[in-house]
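Peer 1: I'd like to ask you about the structure that follows.
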Amino acid sequence: MKLKLFNTLTRKKEEFIPINKDEVSMYSCGPTVYNYMHIGNLRTFFFEDILLRVLKYDGFNVKYVMNITDIGHLVSDSDEGEDKMEQSAKESGKKVSEIAGYYTDVFKRDVDLLNVIPPLYYPKPTEYIDEQIAMIKCLEEKGFTYVTSDGVYYDTSKFPDYGKMARLDIKGLQEGARIEYSEEKKNITDFALWKFSPKNEKRLSEWNSPWGIGFPGWHIECSAMSKALLGNHIDIHCGGIDHIPVHHTNEIAQSEACNGEKFVNYWLHGEFLDMGNEKMSKSLGNFITMQTLIDKGYSPMDYRYFLLMAHYRKKLKFTFEALDAAASGYKNLSQRILKLKTEIDSGNTFDKSLIETYRERFSAKINDDLNMPEAMSVIWELLKEEKITSADKLELIYEFDKVTGLRLNEIKEEIPSEIPEEIQKLAVKRIDAKKKKDFKLADEIRSLIKEKGYEIADTKDGFTLKKI
RNA sequence: GGCGUGGUACCCAAGUGGCUUAAGGGAGCAGUCUGCAAAACUGCCAUUCAUCAGUUCGAAUCUGAUCCACGCCUCCA
-13 MKLKLFNTLT RKKEEFIPIN KDEVSMYSCG PTVYNYMHIG NLRTFFFEDI
37 LLRVLKYDGF NVKYVMNITD IGHLVSDSDE GEDKMEQSAK ESGKKVSEIA
87 GYYTDVFKRD VDLLNVIPPL YYPKPTEYID EQIAMIKCLE EKGFTYVTSD
137 GVYYDTSKFP DYGKMARLDI KGLQEGARIE YSEEKKNITD FALWKFSPKN
187 EKRLSEWNSP WGIGFPGWHI ECSAMSKALL GNHIDIHCGG IDHIPVHHTN
237 EIAQSEACNG EKFVNYWLHG EFLDMGNEKM SKSLGNFITM QTLIDKGYSP
287 MDYRYFLLMA HYRKKLKFTF EALDAAASGY KNLSQRILKL KTEIDSGNTF
337 DKSLIETYRE RFSAKINDDL NMPEAMSVIW ELLKEEKITS ADKLELIYEF
387 DKVTGLRLNE IKEEIPSEIP EEIQKLAVKR IDAKKKKDFK LADEIRSLIK
437 EKGYEIADTK DGFTLKKI
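Numbering (the working numbering), first residue to last: -13 to 454.
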């Protein structure tokens, strides 16, 4: 089965052909660890996880790298605006490294809860300062840089195809009402490679460089770390869709100018989670995290199931109503799995080729630019298929779950929570009433139990109790 | 001002020229079961794809216009 991926470079689905058959190189832009990840951020990491899982399912050996940005590279070019890492550290009176360490742990916990497979490396820019400086030097030697009063800048007019991937209309940008730019910048799209520390202030994190004390610019880390760990020319680079116009555009300009060869063959970008009116952003501080969902009683798998219902290149509307629908869907799916486990088949699947048909259909969907909604619909059809035995279904679904990652092989009967003695006594009393055909009393006891927060359900020869 | 995306049932959401008179999930409704419920199972649930016009033997899918919503151009997954 050929894997087709939508490449942002060409805006087309293309067959994926790796540079090296034995090892696919993949890099994704990870988090900046100055705050909690919200569920929108998690959507992107989920998308990258699906990509990784599909590559693995297809038998590729993937060398996967995701950076964790632990320095504030977010200083704006146009003003001396806040550096989010530094600001977060100052506010809490902690070291930048402590802030980074804390949010890195939370990030890792959240993606683990979502069952996102970790990369081989999680490089941090603070550990690759030399590589970043080396790359800036390389750009300087090739004549792509100039120095201003506040830093070393990349001259985008020197790079022939600047903005090609993003299809930037540079003249259009200049007419933009919201553009402000430093007088010293030669072109509106020029960006900092190295920023000098402010003269009157000591930053919490700063380093020596051939140009002066300061810190690396926003984009150089990915170019430098990608080069260090994966080489000059890699197969796949991915991230959120917002990275196309600036971050990834600049990465291409840096890497290709310095290395003198093509940087990335396939660029993949995940769409945003749409929060409706309330745009969820870190700056607004109104974001929902994994912990928020857990506190509201959802499981991380409910959210994963929710994400699987939409294609990664389409905006997905988040509402709690939609999440409830996903939670119900995941619960129903789980129950089907449990049932398959307990069923003992009397025979074998008569037509083994039918199993192969489902496998092919599933594979075709995931290989068609990661069409998970359709892949999920194949799973549901398989569950309802009468001509395949439960044992075979279960085996096949576990195989599919290597891609969907819903932890289906870990599903267990819900462990009944401790039921207070009082409730148990009431339940027994109700059974007695039922035996005596005193249904009125039985119903009264049922509603009493419900008032106390438990639900009773009759079974063939008894009852079950559940906390509501 | 420039660039770009999308409008598919009650909700979420696939499908981008004939295999589809539109997947899948949720909700809802009906039935089976049950003293009644719950659960489970079975069945039903868009002749229609924002609107209008056009191209075509054939369109939700292509073209044009219109209306609406949204994103980016500033940090953002």
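Don't be surprised by glycine CBs; every beta carbon is placed ideally from N, CA and C. Being a predicted model, the structure only gives us computed values, none of them experimental.
Restricting to Cα atoms, I'd like to know which of K370, K7 and I352 is closest to L326.
Peer 2: Counting from 1 along the first sequence, the entry for residue 326 is found at position 340. Residue K370 is the option with its Cα nearest to L326.
Peer 1: What residue from I227, D136, F32 and D8 has the CA that sits closest to K185's CA?
Peer 2: By 1-based counting over the first sequence, the position of residue 185 is 199. Of the listed residues, the one whose Cα sits closest to K185 is D136.
Peer 1: Who does D155 pair with in a DSSP beta bridge?
Peer 2: In the first sequence, residue 155 corresponds to position 169, counting from 1. Partner(s): none; D155 has no beta bridge.
Peer 1: Note down, in chain order, each residue of its chain lying with its Cβ closer than 6 angstroms to the Cβ of C244, except the 5 sequence neighbours on either side.
Peer 2: Here residue 244 refers to the residue found at position 258 when the first sequence is read from its first residue. Closer than 6 angstroms at the Cβ level, and outside the excluded window around C244, lie M121, C124 and L125.
Peer 1: What are the uninterrupted segments assigned as alpha helix (DSSP H) that are 4 or more residues long and contained completely in the segment 372 to 428, given in chain order?
Peer 2: 376 to 390 and 407 to 421
Peer 1: Check M121 in the structure and name its three-state DSSP category.
Peer 2: The residue labelled residue 121 in the question sits at position 135 within the first sequence. Looking at M121 - three-state DSSP - the assignment turns out to be helix.
Peer 1: Is K(-2) helix, strand or coil when you go by DSSP?
Peer 2: Here residue -2 refers to the residue found at position 12 of the first sequence. The answer is strand: DSSP assigns K(-2) an E or B state.
Peer 1: With distances taken between CB atoms, is the gap from L451 to A419 smaller than 7 angstroms?
Peer 2: Translated into positions along the first sequence, residue 451 becomes position 465. Translated into positions along the first sequence, residue 419 becomes position 433. Cβ distance not < 7 angstroms, so L451 and A419 don't count as in contact.
Peer 1: Can you name, in chain order, every residue of its own chain whose Cβ lies under 8 angstroms from the Cβ of K172, other than the five neighbours on each side?
Peer 2: Start at 1 with the first residue of the first sequence, and residue 172 comes out as number 186. Cβ within range, chain order: Y132, Y139, D141 and S143.
Peer 1: Roughly how many angstroms separate the alpha carbons of I165 and K7, rounded to a whole number?
Peer 2: If you number the first sequence from 1, residue 165 lands on position 179. If you number the first sequence from 1, residue 7 lands on position 21. The predicted model places I165 with a pLDDT of 49, which falls under 50 and marks its position as unreliable; any figure quoted below should be read in that light. Going by the C-alpha atoms only, they are around 45 angstroms apart.
Peer 1: For P202, write down the residues that DSSP places opposite it in a beta bridge.
Peer 2: Locating residue 202 in the first sequence gives position 216, counting from the first residue. Note: P202 sits in a beta bridge opposite W180.
Peer 1: Go through the segment 67 to 151 residue by residue and report every complete run of the beta strand (DSSP E) that reaches 3 residues or more, in order.
Peer 2: 131 to 133 and 137 to 140
Peer 1: Who are the Cβ neighbours of K373 in its own chain at under 8 angstroms, not counting the five residues just before and after it?
Peer 2: The residue you call residue 373 lines up with position 387 of the first sequence. Closer than 8 angstroms at Cβ, skipping near neighbours: T335, F336, D337 and L340.
Peer 1: Taking all protein chains shown into account, do 16 or more other C-beta atoms lie within 10 angstroms of the C-beta of L106, making it buried, or fewer, making it exposed?
Peer 2: Within the first sequence, residue 106 is the residue found at index 120, counting from 1. Flag for L106 reads exposed.
Peer 1: Would you call the segment 247 to 259 in contact with the segment 213 to 232, where contact means no fewer than 3 C-beta pairs closer than 8 angstroms?
Peer 2: Yes: the two stretches touch, three or more of their Cβ pairs being nearer than 8 angstroms.
Peer 1: Do you know offhand how far I5's Cα is from K42's?
Peer 2: Taking the first residue of the first sequence as 1, we reach residue 5 at position 19. Taking the first residue of the first sequence as 1, we reach residue 42 at position 56. Roughly 16 angstroms between the two C-alpha positions.
Peer 1: Sorted by chain position, which residues of the same chain lie with C-beta nearer than 8 angstroms to L(-11)'s C-beta, five sequence neighbours on each side aside?
Peer 2: For the purposes of this step, residue -11 is taken as the residue at position 3 of the first sequence. E1, F2, V40, L41, D44 and N353.
Peer 1: Below 7 angstroms between beta carbons: does that hold for W180 and G149?
Peer 2: Against the first sequence, residue 180 aligns to sequence position 194. Against the first sequence, residue 149 aligns to sequence position 163. Not in contact: W180 and G149 (Cβ atoms no closer than 7 angstroms).
Peer 1: Is there contact between the segment 14 to 28 and the segment 373 to 391, where contact requires at least three CB pairs shorter than 8 angstroms?
Peer 2: no
Peer 1: Ordered along the chain, which non-local residues of its own chain (more than five positions away) have a Cβ less than 7 angstroms from that of N345?
Peer 2: Mapped onto the first sequence, residue 345 falls at position 359. At residue 345 the sequence reads Arg, which differs from the Asn that was named. So the qualifying residues of the chain are L382.
Peer 1: To test your reading of the DSSP string, which unbroken alpha helix (DSSP H) runs of 4 or more residues are found completely within the segment 320 to 360?
Peer 2: 338 to 353
Peer 1: From which residue to which residue does the alpha helix (DSSP H) around D35 run?
Peer 2: In the first sequence, residue 35 corresponds to position 49, counting from 1. Counting along the chain, the alpha helix (DSSP H) containing D35 begins and ends at I25 to Y43.
Peer 1: Could you give the residue range of the beta strand (DSSP E) that holds F304?
Peer 2: Translated into the one-based positions of the first sequence, residue 304 becomes position 318. First-last for F304: undefined, no H or E at that position.
Peer 1: Quick one: Cα of K311 to Cα of I220, how far?
Peer 2: Locating residue 311 in the first sequence gives position 325, where the first residue counts as 1. Locating residue 220 in the first sequence gives position 234, where the first residue counts as 1. In the sequence as displayed, the identity of residue 311 is Ala instead of Lys. Those two C-alpha atoms are separated by around 39 angstroms.
Peer 1: State the Cα-Cα distance for the pair R189 and E72, rounded to the nearest angstrom.
Peer 2: Position 203 of the first sequence, counted from the start, is the residue given in the question as residue 189. Position 86 of the first sequence, counted from the start, is the residue given in the question as residue 72. Roughly 8 angstroms separates the two Cα atoms.
Peer 1: So the candidates are D147, Y108, M287 and L37; which of them puts its Cα closest to the Cα of F93?
Peer 2: Counted from its first residue, the first sequence places residue 93 at position 107. Checking every option, the nearest Cα to that of F93 belongs to Y108.
Peer 1: Measure the C-alpha to C-alpha separation of G87 and I54 and round it to an integer number of angstroms.
Peer 2: As a working note, residue 87 is residue 101 in the first sequence. As a working note, residue 54 is residue 68 in the first sequence. Rounded to whole angstroms, G87 to I54 spans 10 angstroms at the Cα level.
Peer 1: Quick check: what's the CA-CA separation for E84 versus L215?
Peer 2: Working through the first sequence from its first residue, we reach residue 84 at position 98. Working through the first sequence from its first residue, we reach residue 215 at position 229. The alpha-carbon of E84 is positioned some 25 angstroms away from that of L215.
Peer 1: Do three or more CB pairs link the segment 111 to 120 to the segment 298 to 312 at distances below 8 angstroms?
Peer 2: no
Peer 1: With a threshold of 16 other CB atoms inside 10 Å of the CB of Y384, please say whether the residue is buried or exposed.
Peer 2: Residue numbering aside, residue 384 sits at position 398 when the first sequence is read from its first letter. The residue in question, Y384, is exposed, as its Cβ has fewer than 16 Cβ neighbours within 10 Å.
Peer 1: For M12, tell me which candidate among V19, V48 and N21 has the shortest Cα-Cα distance.
Peer 2: Counted from its first residue, the first sequence places residue 12 at position 26. It is V48 whose Cα lies nearest to the Cα of M12.
Peer 1: Alpha carbon to alpha carbon, how far is K422 from G448?
Peer 2: Along the first sequence, read from residue 1 onward, the residue named residue 422 stands at position 436. Along the first sequence, read from residue 1 onward, the residue named residue 448 stands at position 462. When the Cα atoms are used, K422 and G448 turn out to be separated by approximately 15 angstroms.
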